[in-house]
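Undergrad: Following this message is one structure expressed as structure tokens.
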Amino acid sequence: MTKQNVVVSDANSGINMAIAVAVSGSAIYTTTAAQKPPVVPRGAYITISKKKFLQNLEINTGARIHSWVDSMRASSPTNLNTSSDDRNAWIPIVNDPEQAFMSEAMRTTVRKLARYFPTAIVSGRCRDKVYNFVRLGELYYAGSHGMDIKGPSKGSKHKKGTQAVLFQPASEFLPMIDEVYRQLLEIIKSTPGAMVENNKFCVSVHFRCVDEKKWTELAKQVGSVLEGYPSLRLTQGRKVLEIRPTIKWDKGKALEFLLESLGYANCSHVFPVYIGDDRTDEDAFKVLRQRGQGFGILVSKAPKDTNASYSLQEPSEVMAFLRRLVEWKRLSLRREFRMRRRLVEDISVAIPN
Numbered sequence: 113m114t115k116q117n118v119v120v121s122d123a124n125s126g127i128n129m130a131i132a133v134a135v136s137g138s139a140i141y142t143t144t145a146a147q148k149p150p151v152v153p154r155g156a157y158i159t160i161s162k163k164k165f166l167q168n169l170e171i172n173t174g175a176r177i178h179s180w181v182d183s184m185r186a187s188s189p190t191n192l193n194t195s196s197d198d199r200n201a202w203i204p205i206v207n208d209p210e211q212a213f214m215s216e217a218m219r220t221t222v223r224k225l226a227r228y229f230p231t232a233i234v235s236g237r238c239r240d241k242v243y244n245f246v247r248l249g250e251l252y253y254a255g256s257h258g259m260d261i262k263g264p265s266k267g268s269k270h271k272k273g274t275q276a277v278l279f280q281p282a283s284e285f286l287p288m289i290d291e292v293y294r295q296l297l298e299i300i301k302s303t304p305g306a307m308v309e310n311n312k313f314c315v316s317v318h319f320r321c322v323d324e325k326k327w328t329e330l331a332k333q334v335g336s337v338l339e340g341y342p343s344l345r346l347t348q349g350r351k352v353l354e355i356r357p358t359i360k361w362d363k364g365k366a367l368e369f370l371l372e373s374l375g376y377a378n379c380s381h382v383f384p385v386y387i388g389d390d391r392t393d394e395d396a397f398k399v400l401r402q403r404g405q406g407f408g409i410l411v412s413k414a415p416k417d418t419n420a421s422y423s424l425q426e427p428s429e430v431m432a433f434l435r436r437l438v439e440w441k442r443l444s445l446r447r448e449f450r451m452r453r454r455l456v457e458d459i460s461v462a463i464p465n
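To convert, count from 1 in the sequence shown and add 112; that's my numbering.
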């Protein structure tokens, strides 16, 4: 998976995959039924060393604010042009999150992917926003970092049973989240470039367009609001601060829930794949490492500490990888069909009329 030489496998590898893909703030999840991953030629992947990931930040004291601001700088390396070169897993980064778009080419690719593998989008954004953005009814959607999960709205051959999947473990926090959102809207007016987004079960404070000299001030503003809500916590993504409930739920838990919902929790023949580019995707990468089954793919141009096993550099490579995966599956099914037809013909010849 290095540069654009993305190789999935040949059609002779009889692996039935169900893939999970994740994205900056958003994640596409797909699982794969298989006893081992597709065989890939040596050198086809970049392996990134496994290291302990940064702890979630708190900002209840001045010292923690300085630590948090240092982390903000660390997540915004100066050798990257974040407006053009640094991208999330499947769409280009833009200054205004409301202006993000999914290309028709990527949408077509994900639609084809979902025909062969159960696929889900896991995002920090509100589930309704993500659905309106993607507009594919055959997918699973997990918004608000997995705190709002819903199954396919139209027919999916991967759907287990007839009951629609709907899971919202943090419903009791909705009034509190709305209060915090309204307070932050008022308090950040003094910080040019800062944006607040209500993602239903979490609140996102975007600082991509904020002058770095204003970051400490912004940290204090967010911290002053959080002091009144001990049951909420602060986490950080790429150029975004996220306030969410303190419940033990994240994208890793969402991945486990999706596997359970699909009937894959204890299946040794399922191989989950999770693609993401955000800090919050590390929870899902870690789950796959601990399971010893499946792997995470980090999307990043720069080396990073991560629990992911492999990396791709940008959305175009993600799309190329998914397309090759679809093509591999098609060839595999054709080969299986030919073998079955040949078997039926052999049986017909062997049994006299």
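Note that the Cβ used here is the ideal one computed from N, Cα and C, for glycine as well.
Mark aspartate 390 as exposed unless 16 or more other C-beta atoms lie within 10 angstroms of its C-beta, in which case mark it buried.
TA: Translated into positions along the sequence shown, residue 390 becomes position 278. It is buried - the Cβ of aspartate 390 has at least 16 other Cβ atoms within 10 Å.
Undergrad: Would you say the segment 212 to 224 touches the segment 413 to 431, given that touching needs at least three Cβ pairs under 8 Å?
TA: These segments touch.
Undergrad: What does a CB cutoff of less than 6 Å around serine 256 pick up in its chain, not counting 5 residues either side in sequence?
TA: Numbered from its first residue, the sequence shown carries residue 256 at position 144. Result list for serine 256: Asn311, Lys312, Phe313 and Cys314, in chain order.
Undergrad: Assuming contact is defined by CB atoms lying nearer than 8 Å, are valine 337 and isoleucine 387 in contact in what I supplied?
TA: Position 225 of the sequence shown, counted from the start, is the residue given in the question as residue 337. Position 275 of the sequence shown, counted from the start, is the residue given in the question as residue 387. No. Outside cutoff.
Undergrad: With a CB to CB cut of under 6 Å and the five nearest residues on each side skipped, what residues in its chain are close to asparagine 124?
TA: As a working mapping, residue 124 is identified with position 12 in the sequence shown. Caution is warranted here: a pLDDT of 35 is assigned to asparagine 124, below 50, making its placement in the model unreliable, and no coordinate value can be reported.
Undergrad: Sorted by chain position, which residues of the same chain lie with C-beta nearer than 7 Å to tyrosine 243's C-beta, five sequence neighbours on each side aside?
TA: To locate residue 243, count along the sequence shown from 1; it is residue 131. Tyr253, listed in sequence order.
Undergrad: In chain order, what residues of the same chain lie with their CB nearer than 6 Å to the CB of arginine 345, ignoring the 5 residues before and after it?
TA: Sequence index remark: in the sequence shown, residue 345 carries index 233 (1-based). Closer than 6 Å at Cβ, skipping near neighbours: Thr358.
Undergrad: Should serine 373 go down as buried or exposed, given a rule of 16 or more other Cβ atoms within 10 Å for buried?
TA: Counting from 1 along the sequence shown, the entry for residue 373 is found at position 261. Counting the other CB atoms within 10 Å of its CB gives serine 373 a total of 16 or more, which places it among the buried residues.
Undergrad: Give the straight-line distance between the Cα atoms of serine 380 and alanine 282, rounded to the nearest whole angstrom.
TA: Translated into positions along the sequence shown, residue 380 becomes position 268. Translated into positions along the sequence shown, residue 282 becomes position 170. Roughly 31 Å between the two C-alpha positions.
Undergrad: List the residues that DSSP assigns as beta-bridge partners of leucine 370.
TA: For this step, residue 370 is matched to residue 258 along the sequence shown. Bridge partners of leucine 370: none, in fact.
Undergrad: Look up asparagine 310 in the DSSP assignment and give the residues it is bridged to.
TA: Locating residue 310 in the sequence shown gives position 198, counting from the first residue. According to DSSP, asparagine 310 bridges with Val315.
Undergrad: Could you check whether leucine 437 and leucine 225 sit closer than 8 Å to each other, using their CB atoms as the reference points?
TA: Here residue 225 is taken as the residue at index 113 of the sequence shown, counted from 1. Here residue 437 is taken as the residue at index 325 of the sequence shown, counted from 1. Result yes, Cβ atoms of leucine 225 and leucine 437 sit closer than 8 Å.
Undergrad: Return the CA-CA distance between serine 97 and arginine 447, expressed in angstroms with no decimal places.
TA: Lying outside 113 to 465, the shown extent of the chain, residue 97 is not represented and no answer is given.
Undergrad: Note the first and the last residue of the continuous alpha helix (DSSP H) segment covering aspartate 260.
TA: Walking along the sequence shown from the start, residue 260 turns up at place 148. Here aspartate 260 belongs to no alpha helix (DSSP H); instead the beta strand (DSSP E) covers 260 to 262.
Undergrad: Quick one: using the 10 Å Cβ neighbour count with 16 as the cut-off for buried, is glutamate 354 buried or exposed?
TA: Counting from 1 along the sequence shown, the entry for residue 354 is found at position 242. Flag for glutamate 354 reads buried.
Undergrad: Give the C-beta separation of glycine 404 and phenylalanine 383 to the nearest angstrom, bearing in mind that I take them to be a contact with Cβ-Cβ under 8 Å.
TA: As a first step, residue 404 is located in the sequence shown; it is residue number 292 there, counting from the start. As a first step, residue 383 is located in the sequence shown; it is residue number 271 there, counting from the start. Their Cβ separation, rounded to whole angstroms, is 11 Å, which puts glycine 404 and phenylalanine 383 out of contact at 8 Å.
Undergrad: State the CB to CB distance for the pair aspartate 260 and arginine 237, rounded to an integer number of angstroms; the pair is presumed to be in contact (CB under 8 Å).
TA: Reading the sequence shown from its first residue, position 148 is the one you call residue 260. Reading the sequence shown from its first residue, position 125 is the one you call residue 237. About 10 Å separates the beta carbon of aspartate 260 from that of arginine 237, a gap too long to meet the 8 Å contact definition.
Undergrad: Am I right that threonine 221 and leucine 400 are in contact with their C-beta atoms under 8 Å? What's the rounded C-beta distance?
TA: Along the sequence shown, read from residue 1 onward, the residue named residue 221 stands at position 109. Along the sequence shown, read from residue 1 onward, the residue named residue 400 stands at position 288. Threonine 221 to leucine 400, Cβ: 22 Å. No contact.
Undergrad: Can you tell me whether valine 385 is helix, strand or coil according to DSSP?
TA: Locating residue 385 in the sequence shown gives position 273, counting from the first residue. Shown here, valine 385 sits in a strand according to DSSP, grouped into three states.
Undergrad: Does the distance from the CB of histidine 318 to the CB of glutamate 309 come in under 8 Å?
TA: Position 206 of the sequence shown holds residue 318. Position 197 of the sequence shown holds residue 309. Their beta carbons are under 8 Å apart, which means histidine 318 touches glutamate 309 by this criterion.
Undergrad: Among Phe229, Arg453 and Val234, which one has its Cα closest to the Cα of lysine 363?
TA: Start at 1 with the first residue of the sequence shown, and residue 363 comes out as number 251. The shortest C-alpha separation from lysine 363 is found at Val234.
Undergrad: Tell me whether phenylalanine 397 is buried or exposed, calling it buried when 16 or more other Cβ atoms sit within 10 Å of its Cβ.
TA: For this step, residue 397 is matched to residue 285 along the sequence shown. If you draw a 10 Å sphere on the C-beta of phenylalanine 397, you find 16 or more other C-beta atoms in it, and that means buried.
Undergrad: Out of Lys351, Gln402 and Pro230, point me to the one whose CA is closest to arginine 320's CA.
TA: The residue given as residue 320 occupies position 208 in the sequence shown. Arginine 320 has its Cα closest to that of Lys351, out of Lys351, Gln402 and Pro230.
Undergrad: So the beta strand (DSSP E) threonine 347 belongs to, where does it begin and stop?
TA: Stepping through the sequence shown from its first residue, residue 347 is reached at position 235. From DSSP, the beta strand (DSSP E) with threonine 347 extends over 344 to 349.
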